[in-house]
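A short worksheet on the structure shown next.
Chains as they are written, first to last, in the working numbering: chain A, 88 to 600; chain Y, 956 to 1277; chain S, 3 to 373.
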């Protein structure tokens, strides 16, 4: 009798509000294999795995684990079934030792000394078995990122995981650490552990997996053994046939004057992971530059550095004839004075002050301008309200009530308000992060139109978006970011699915040729 | 140096430090689980009143102690209800408890005893008796030993020794038991504790329960050992001094003990140190010594004498994400 | 299924705070009953004592004046996202500033010049006392709640030292400074009314009342009409948005705490320049903590603070009257109520919200069914 699959998910459906995150998804994972689940942001892979791990319940569909039907209502049940998950953001307690972190919640004895002894024995056996090496007595805060990840894997294995889910594991690893992880995963596979790898890195899939499932828009678009497919086929499947859609024809963008030049930007976070790893770019008048790529690869940090909200550890910036280097970097107020405007990715936290009424949020960042504040520091309410009304009119913000609290506007209208505010200063450079996230269709078209108008008026626009459709609809040239670097730059005419897919999935421009 | 002086200083230090140690341990347990406790002062005060009132009404030492501990526990549970079961601000709750206790003790005191808020002085039978007096008498002819040990270390009441014993006890609980591990994790990363299938709420309530018992004991000691009666506002800021000691001790039971002993010593020695001449600065005023624990804590918080790192999730109400 | 009910704004602003206040009063009423008094009688006498006579009213306003200063102090810091518990210490040092100016310059200047200088001295001293914890928070990340509590104690010790060793009137055994000269005394309201021919009973109520009202108006204008106020509120609501807007967080911490300290310092004007005429050790007497309660019920808004200050002033005055009339009633009942208010209106402010929301939803449904 053939061994049943480790995991079999049938017809999984899950809806969040208006979004169908999983649409009749089937997944079958053979035991003792590495199975890759690939897709861009919003493709539905994280949702699917969250359902498997018990964080969410599916609206419809069924799950079988190791041949037996399973109802997974929470992570405890998932763990009991032998499913373990290694999250992208580690669930570790920094000041405690690695050993204590593994043990927490599953201590074999109420006194720690005997408990630690028992756990240590088991862990050392486990480490020998799998080749995973973790220094058990060090505090987690003293461990490098790769070792912390190994610790997370160890934690899952200690709790008896036979099926291991890894969520974007290589996002924070250096190439050497990635190789090390692959060695570990192969050893685990040899032991009979089933591994589910969520990733967008196609090269890793090819290198490691036995089988791959590609998801897009909540559906499975490809499910094949690795031997039966290729990098190009995967890239096309991931990106889909969208290049031709809805783009107003336009002559190739004339290269205007360089308005912003960034050179070799580098920034490492507190854990030492390089989030910006030598990014250089130039923004010219009269063009829209799109930054594509899966979220979390440095796009947010790029926006922060260019807008002055964060200073890089290395790199130079030239904006409107002023030069900046680490130590005396740009700041948001200075940036505005130099004609740079910024629509932040996170409009709730940064773009607006939610408890402020609309006419107060409408001057955020510009509150010191003579139009809004007198020399004595008195705010000119009449002027503020007038400007807000004008903004709301021009950008069709509804309801047209400037005394409404910012939090009460819908996502789309909030975004329009923020964009209106930033555009109203007639900036020469506009940085926009996720312009239409959570925005309804009608507003999307409007916002896109405004961005194009800004370009046509001679400004430079940088659009960061995890929606490839949007980038393709707007940009004159496309930069792809992966792991803190720009892996490639393509003028819009040369963007094919395969090329973009591979650039986004970790190849560099050289490989793509 | 005068031998008798040394002995009496040691004795005073121990006596004065005892309520501080108990409250500081209470604070350590609470804050290590992630709950800031500014109600130490109020809990100690109301517990002291409870001890004084119950002692006066019933004439029973056991009941008085029980009342003190029960009051401390009840107030800590109230703190938990507001901050752990609901998302009340921990600082505000602590202040509320202290303010209410300060008023309530006097109100009840005047209503029940009509002595301006004091409780009637308790007879010795209802108070904690000195221990080891026989041993102290045995060494009274041996020089040096008789003052340091005889007068200094022996002859205190039970709670003094209990408090000293509770320090290693608290250490053992926090660092050598499963419960302590989980408690410390809750104060640093409650989300992780939750994901591990444990109850953040349960752990915090447990910490608060221990906190309440210790504060109650501290309050009871004030009346059943030091002063024979409750006097309005008798805690005189000791709850905050215990908080300072916890910070100074870097949230560690043993560190807190040393800090409490230091602060207790300063308090005990203040009168004697007054007028002592510091070369170059002149005579030291007693108020400077009284302010010293607070000044030292500020200096520590400013990072000038080592780093004081609170548990990462201290003060943040835990709300389940999903 | 019942949808998660949310409180409409008017309920959130009026009904919920009123409910919380009611609970606090009810619990207090229980305490009153426990000690053998009649709550109804207590309330009636309290209201009579606070508002029933011109003298009572004056005392109420006098107490309220101090609370307006400390309440505004807490509110300004709150708007910047900080909890300033150091009002007690800042008020003490503010009083010290008042006294130093009065004693040093008193003999040389007339009241027209001296009194404003004393206000300046009070404000600057209070601000200076708040500046150190503020700087430690801004530059070293030291938790301002703890440092301000410590500074309260340090202020008390400092004041005691100065009164014992430096400022004590020679030959006087009580801990107080020499009396201020006549030029350093703020006229009482009864005096001022006397100048315009109105007869008013003598009371501690003095012209600091006008300063308090001016402060409330001024802070209101600062918070909602000025650019620094806008920046402060943005910082308090959303530090990331403030960062985005080019607002420097450190500057906001310093600004809010300095203003806060200055306001608390003005307590000295009411208590020392207006009433005592000399520096005492315990002239603040917990007003800093009452300020916290006032700010909480007043929802950090100047108008709310003025009203809440009146409430607490009435409680203090009414409580004093009650302590006279009813044996067994002590003024500390007011302190207890104050603590209960902070508990129910502050710490447990949102506990009742889901229940009220459910009641409201039920009510709406019934109305809908009938309609």
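The beta carbon of each residue, even a glycine, is placed where N, CA and C say it ideally should be.
Residues 302 of the same chain have their beta carbon placed closer than 6 Å to that of residue 80 (chain S), with the five preceding and five following residues left out of the count. Checking the DSSP bridge columns, you'll see residue 152 (chain S) has no partner listed. When beta bridges are read from the DSSP output, residue 519 (chain A) appears opposite A:430 and A:550. Flagged as an interface residue toward chain S: residue 1057 (chain Y), by a C-beta distance shorter than 8 Å. Within the region 119-192 of chain A, the complete beta strand (DSSP E) segments of 3 residues or longer fall at 121-125, 147-152 and 170-173, listed in chain order. A buried status is given to residue 154 (chain S), since no fewer than 16 other beta-carbon atoms sit within 10 Å of its beta-carbon. A direct Cα-Cα distance of roughly 12 Å separates residue 1085 (chain Y) from residue 1105 (chain Y). For residue 420 (chain A), the neighbours in chain S by C-beta distance under 7 Å run, in chain order, 248. Taking 8 Å as the threshold, the shortest C-beta distance from residue 282 (chain S) to chain Y does not fall below it. For the pair residue 286 (chain A) and residue 498 (chain A), the CB atoms are not nearer than the 8 Å cut-off. Counting only the Cα atoms, residue 1241 (chain Y) lies some 16 Å from residue 169 (chain S). The beta carbon of residue 1202 (chain Y) is closer than 7 Å to those of 1252, 1255, 1256 and 1263 in its chain, skipping five residues each way along the sequence.
Residues are counted here when their Cβ sits less than 7 Å from a Cβ of chain A; for the region 222-246 of chain S these are 227, 228, 229, 230, 232, 233, 236, 239, 240, 242, 243, 245 and 246, given in chain order. For residue 396 (chain A), the chain S residues whose Cβ falls inside 7 Å of its Cβ are 245 and 246, in order along the chain. Residue pairing from DSSP places residue 374 (chain A) in a beta bridge opposite A:547. Within the region 195-249 of chain S, the complete alpha helix (DSSP H) segments at least 4 residues long are 210-227, 229-239 and 241-246, listed from N- to C-terminus. DSSP lists A:124 and A:310 as the beta-bridge partner residues of residue 300 (chain A).
If you draw a 10 Å sphere on the C-beta of residue 1096 (chain Y), you find fewer than 16 other C-beta atoms in it, and that means exposed.
Boundaries of the alpha helix (DSSP H) around residue 205 (chain A): 199-217. A distance of 8 Å or more separates the beta carbons of residue 307 (chain A) and residue 551 (chain A). When C-alpha distances from residue 183 (chain S) are compared across S:105, S:84 and S:95, the shortest belongs to S:105. Look at the region 336-418 of chain A and you find these whole runs of beta strand (DSSP E), each 3 residues long or longer: 345-355, 361-371, 374-379, 401-406 and 409-411. In the displayed model, residue 1077 (chain Y) falls within coil according to three-state DSSP, outside both helix and strand.
Among the CB atoms of chain Y, none fall inside 8 Å of the CB of residue 252 (chain S).
No Cβ of chain A is located within less than 8 Å of the beta carbon of residue 1262 (chain Y).
Here residue 110 (chain S) is not bridged, per DSSP, to any residue. Within the model, the alpha-carbon separation for residue 522 (chain A) versus residue 233 (chain A) is close to 34 Å. Of all residues in the region 1138-1155 of chain Y, only 1139, 1140, 1143, 1144, 1146, 1147, 1148, 1150, 1151, 1152 and 1153 place a beta-carbon less than 8 Å from a beta-carbon of chain A. Neighbours of residue 334 (chain S) in chain Y, taken as residues at a C-beta separation under 9 Å, are given in chain order as 1057, 1058, 1059, 1060, 1061, 1062, 1064, 1065, 1072 and 1187.
The contact set of residue 1046 (chain Y) on chain S, defined by CB atoms closer than 7 Å, consists of 85 and 147 in chain order. For residue 315 (chain S), DSSP assigns no beta-bridge partner whatsoever.
Residue 296 (chain S): not part of any beta strand (DSSP E); member of the alpha helix (DSSP H) spanning 289-299, first to last residue. The region 59-73 of chain S makes contact with the region 309-329 of chain S; the number of CB pairs closer than 8 Å reaches 3 or more. Around residue 360 (chain A), the same chain offers 232 and 259 as residues with beta carbons nearer than 8 Å, after the five sequence neighbours per side are excluded. Residue pairing from DSSP leaves residue 531 (chain A) without any beta-bridge partner. When 8 Å is used as the limit between beta carbons, residue 194 (chain A) is near these residues of chain Y: 1133 and 1136, in chain order.
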